[in-house]
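S.K.: The structure's right below; bear with me while I get my questions together.
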Amino acid sequence: MTSSINYIVSLYISLWASFNYQHLAKLPNTPTVERKYPFVRYDYNQVYKPQQGKAFSHFYQALDEYLQDKRRKVNIMHIGDSHLQADFLSDQVRKHFKYQPHFGLAGRGYVFPHSMAKSYDPHTYKTTYSGKWSGSWATNFAKHASWGISGMVASTYDQNARFTINPNRQGHKYSINRVKVFYNTRNRSSFQVKLITTHEVLSPQRIVADGYVEFLLKHPVNKVTIAMNKNRPGQNSFVLEGVSLENNDKGVIYHSAGANGATVKSFLRSPRVVNQVKSIQPDLVIISLGTNDAYTHRFNAQQFKRDYSILIGRIKRAAPKASILLTTPGDCLYRGRKNYSNNYAARKIFELAEEMDCAVWDIYTIMGGLGSIKKWGRYKLSSRDYIHLSGKGYRLQGDLLYQALIQDYRMHALKMVDMN
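Residue numbers (the UniProt record's numbering): 1 to 420.
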């Protein structure tokens, strides 16, 4: 009897060790970021989490389950301001996931055709359109619209209007066989939409009350066209809130949405944020706000914290299981002088993280702190306005963010193996 028990225990230990080895073998590699800039605080490139709470537990669990083949997708949603709109930073993180042996990308994710709203499109996808479109931004406090996580809408009264999105730029090769179009599906005066590819013309297979329709394609394509479909009297307009381009592949979907001039307040006045976060079902939400809030000589740090807490609360209600990572605003100049307000904003973000069980990635300190933006400029990592970065600078930020995320996850995985 004793020998049988010993055999079972030995077998269990052997199987557990084999499982742990297989899991560790699948862990993503932590990329090496060349430490060639003396002003960058590489030693601070880490994810800070409150000692009490479970700030990253769901994201860890999602990655664990993915590597154990218990789920097919991991959803990451990154929202913010103009630092995200051009998509240099977020796409650099996306590329790191793409080239990991056990990850890859399960589609481009959320996009918005900014050019239809009279703004600039991200460099990673191309939009073409016909018909007359107008745009409205949540940063225009004189207007009201059904803004979502993009902070913009594009509107038309033209029943012949259409637009095409091609996400296959900058070395990416996304296949598309699942498309979500976000708009007010309950508005009876709205045109319906149809999807046009080189293979087929589709009506939506799903119409969701939360505010989107979904198309399931029989044949994968590399770009899609969305056209208006007037199918009953009284339909006279259409307001686009966003599109998600996905596929059935196994991997990560890194949704990103940024708008020039966006602030915490502009997100608070965007009524469709909660619906869209709920629809995307993120495992991790990254929020990069604060630069525009603090770009003033009358920055009210306490009001900024109060507003931000409301936004975090709304996101938690929309995605109660999701982990949340707050990124501090980087250093910048204000009217040619050092901007102390970004430091105050960063402090409030750390306070919020402690109080609301969120994690923090402190790019303000990593950049080098107050006045460091001038040093970034000397190495052509900053744009001439000393507010935004250059493409090179944003790609460095993307490298650092990915390194911090994966390094933190590897530490979690190794700790769990040691505990067992």
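The C-beta atom is built at its ideal place from N, Cα and C for all residues, glycine as well.
Which residue comes first and which comes last in the beta strand (DSSP E) that contains residue 435?
M.R.: No information on residue 435 is available, as it lies outside the stretch 1 to 420 that the chain covers here.
S.K.: My assumption, with CB atoms under 8 Å, is that Lys-305 sits in contact with Lys-348. Please give the rounded CB distance.
M.R.: Here residue 305 refers to the residue found at position 305 of the sequence shown. Here residue 348 refers to the residue found at position 348 of the sequence shown. Rounded, the Cβ-Cβ distance is 4 Å, consistent with contact.
S.K.: Please return the same chain residues whose Cβ sits closer than 6 Å to the Cβ of Arg-108, not counting the five positions on each side in sequence.
M.R.: One-based indexing of the sequence shown puts residue 108 at position 108. Excluding residues within five positions, the ones whose Cβ falls inside 6 Å are Pro-167, Tyr-174 and Leu-245.
S.K.: Suppose the cutoff is 7 Å on Cβ atoms and the five residues either side in sequence are ignored; what does the same chain contact list for Gln-302 look like?
M.R.: One-based indexing of the sequence shown puts residue 302 at position 302. Answer for Gln-302: no residue qualifies.
S.K.: Along the chain, where does the alpha helix (DSSP H) that runs through Trp-376 open and close?
M.R.: Mapped onto the sequence shown, residue 376 falls at position 376. That run of the alpha helix (DSSP H) goes 372 to 378.
S.K.: Please confirm whether Gln-276 and Ile-149 have their CB atoms less than 8 Å apart.
M.R.: Here the question's residue 276 lines up with position 276 in the sequence shown. Here the question's residue 149 lines up with position 149 in the sequence shown. Their beta carbons are under 8 Å apart, which means Gln-276 touches Ile-149 by this criterion.
S.K.: Could you give the C-beta distance for Val-224 and Val-193, rounded to a whole number, given that I count them as a contact under 8 Å?
M.R.: Counted from its first residue, the sequence shown places residue 224 at position 224. Counted from its first residue, the sequence shown places residue 193 at position 193. So it is not a contact: roughly 11 Å between Cβ atoms.
S.K.: Taking buried to mean at least 16 other C-beta atoms within 10 Å of its own C-beta, is Gln-92 buried or exposed?
M.R.: Taking the first residue of the sequence shown as 1, we reach residue 92 at position 92. By the neighbour-count rule (16 or more Cβ atoms within 10 Å), Gln-92 is buried.
S.K.: Have a look at Met-367 and Pro-38 and give me their C-alpha separation to the nearest angstrom.
M.R.: As a working note, residue 367 is residue 367 in the sequence shown. As a working note, residue 38 is residue 38 in the sequence shown. Taking the straight line joining both Cα atoms gives about 10 Å.
S.K.: I'd like to confirm the pairing. Which residues does DSSP put opposite Glu-246 in its beta bridges?
M.R.: For the purposes of this step, residue 246 is taken as the residue at position 246 of the sequence shown. Paired residues: Arg-178.
S.K.: To the nearest angstrom, how far is the alpha carbon of Phe-103 from that of Arg-232?
M.R.: As a first step, residue 103 is located in the sequence shown; it is residue number 103 there, counting from the start. As a first step, residue 232 is located in the sequence shown; it is residue number 232 there, counting from the start. Straight-line Cα distance between these residues: approximately 45 Å.
S.K.: Kindly give me the distance between the Cβ atoms of Cys-239 and Val-153, rounded to whole angstroms, as I take these residues to be in contact under 8 Å.
M.R.: Indexing the sequence shown from 1 puts residue 239 at position 239. Indexing the sequence shown from 1 puts residue 153 at position 153. The sequence given here has Val at residue 239, not Cys. Going by Cβ atoms, the distance from Val-239 to Val-153 rounds to 5 Å, so yes, they are a contact pair.
S.K.: From the DSSP output, read off the bridge partner residues of Ser-309.
M.R.: Here the question's residue 309 lines up with position 309 in the sequence shown. For Ser-309, which the question treats as bridged, DSSP gives no partner whatsoever.
S.K.: Which of the three DSSP states, helix, strand or coil, is assigned to Lys-316?
M.R.: For the purposes of this step, residue 316 is taken as residue 316 along the sequence shown, with counting starting at 1. Correct three-state label for Lys-316: helix.
S.K.: Take every Cβ of the segment 241 to 257, pair it with every Cβ of the segment 42 to 55, and state whether three or more of those distances are shorter than 8 Å.
M.R.: The segment 241 to 257 vs the segment 42 to 55: no contact.
S.K.: Is DSSP giving Asn-275 helix, strand or coil here?
M.R.: The residue given as residue 275 occupies position 275 in the sequence shown. The answer is helix: DSSP assigns Asn-275 an H, G or I state.
S.K.: Under three-state DSSP, which class holds Gln-281?
M.R.: Numbered from its first residue, the sequence shown carries residue 281 at position 281. Correct three-state label for Gln-281: coil.
S.K.: Express the C-alpha separation of Gln-61 and Ala-359 in angstroms, rounding to a whole number.
M.R.: Position 359 of the sequence shown, counting from 1, holds the residue named residue 359. Position 61 of the sequence shown, counting from 1, holds the residue named residue 61. Their backbone Cα atoms lie some 16 Å apart in a straight line.
S.K.: Considering only DSSP beta bridges, list what residue 423 is partnered with.
M.R.: Only positions 1 to 420 of the chain appear in the structure, and residue 423 is not among them; the question remains open.
S.K.: DSSP on Val-40, reduced to helix/strand/coil?
M.R.: Translated into the one-based positions of the sequence shown, residue 40 becomes position 40. Val-40: coil per DSSP, three-state reduction.
S.K.: Taking Asn-343 as part of the alpha helix (DSSP H), name the residues at either end of that continuous run.
M.R.: As a first step, residue 343 must be located in the sequence shown, where it is residue number 343. Segment 341 to 356, the alpha helix (DSSP H) holding Asn-343.
S.K.: State yes or no: is the C-beta of Val-33 within less than 8 Å of the C-beta of Leu-326?
M.R.: Numbered from its first residue, the sequence shown carries residue 33 at position 33. Numbered from its first residue, the sequence shown carries residue 326 at position 326. Not a contact, by the Cβ cut-off of 8 Å.
S.K.: Provide the residue(s) that pair with Ile-324 in DSSP beta bridges, ordered along the chain.
M.R.: In the sequence shown, residue 324 corresponds to position 324, counting from 1. According to DSSP, Ile-324 bridges with Val-285.
S.K.: Taking the beta strand (DSSP E) that Ser-206 belongs to, which residues open and close that run?
M.R.: Residue 206 sits at position 206 when you count from the first residue of the sequence shown. A small fix is needed here, since residue 206 is Arg in this sequence, not Ser. Where Arg-206 is concerned, the enclosing beta strand (DSSP E) stretches over 206 to 208.
S.K.: If we count Cβ pairs, one from each stretch, closer than 8 Å, do we get three or more for the segment 213 to 220 versus the segment 66 to 86?
M.R.: Touching, no.
S.K.: Taking 8 Å as the cut-off, does the segment 378 to 387 touch the segment 55 to 74 (at least 3 CB pairs, one atom from each stretch)?
M.R.: Result no; under three Cβ-Cβ pairs closer than 8 Å.
S.K.: Please name the residue in Glu-351, Thr-124, Ala-322 and Thr-185 whose C-alpha comes closest to that of residue 422.
M.R.: Any question about residue 422 goes unanswered here, given that the chain covers just 1 to 420.
S.K.: If I'm right that Gln-407 touches Ile-363 with Cβ under 8 Å, what's the distance once you round it to whole angstroms?
M.R.: For the purposes of this step, residue 407 is taken as the residue at position 407 of the sequence shown. For the purposes of this step, residue 363 is taken as the residue at position 363 of the sequence shown. With 8 Å as the limit, Gln-407 and Ile-363 do not qualify as a contact, their Cβ atoms being about 15 Å apart.
S.K.: Please name the residue, chosen from Pro-28, Lys-415 and Gln-51, that lies closest to Glu-355 on a Cα-to-Cα basis.
M.R.: Taking the first residue of the sequence shown as 1, we reach residue 355 at position 355. Ranking the options by Cα distance to Glu-355, first place goes to Gln-51.
S.K.: Name the one or two DSSP bridge partners that Lys-194 has.
M.R.: The residue given as residue 194 occupies position 194 in the sequence shown. Lys-194 is bridged to Ala-227.
S.K.: Quick one: is Gln-85 buried, meaning 16 or more other Cβ sit within 10 Å of its Cβ, or exposed?
M.R.: Within the sequence shown, numbered from 1, the residue matching residue 85 stands at position 85. Classification of Gln-85: buried, given that the 10 Å Cβ count is 16 or more.
S.K.: I'd like the ranges of any beta strand (DSSP E) spanning at least 3 consecutive residues and lying wholly in the segment 44 to 101.
M.R.: Correct list: 73 to 80.
S.K.: So for Phe-304, helix, strand or coil by DSSP?
M.R.: Along the sequence shown, read from residue 1 onward, the residue named residue 304 stands at position 304. Three-state result, Phe-304: helix.
S.K.: Evaluate Ala-17 with the Cβ neighbour count: other Cβ atoms within 10 Å of its Cβ, from every protein chain shown; 16 or more gives buried, anything less gives exposed.
M.R.: Locating residue 17 in the sequence shown gives position 17, counting from the first residue. In this prediction, Ala-17 scores a pLDDT of 44, lower than 50, which makes its location untrustworthy; no coordinate-derived value is stated.
S.K.: Using a Cβ-Cβ cut-off of 6 Å (strictly less than) and excluding sequence neighbours within five positions of Ser-27, which residues of its own chain qualify?
M.R.: For the purposes of this step, residue 27 is identified with residue 27 of the sequence shown, where counting begins at 1. Sequence inspection shows Leu at residue 27; the Ser mentioned does not correspond to that position. Here the set comprises Arg-410 and Ala-413.
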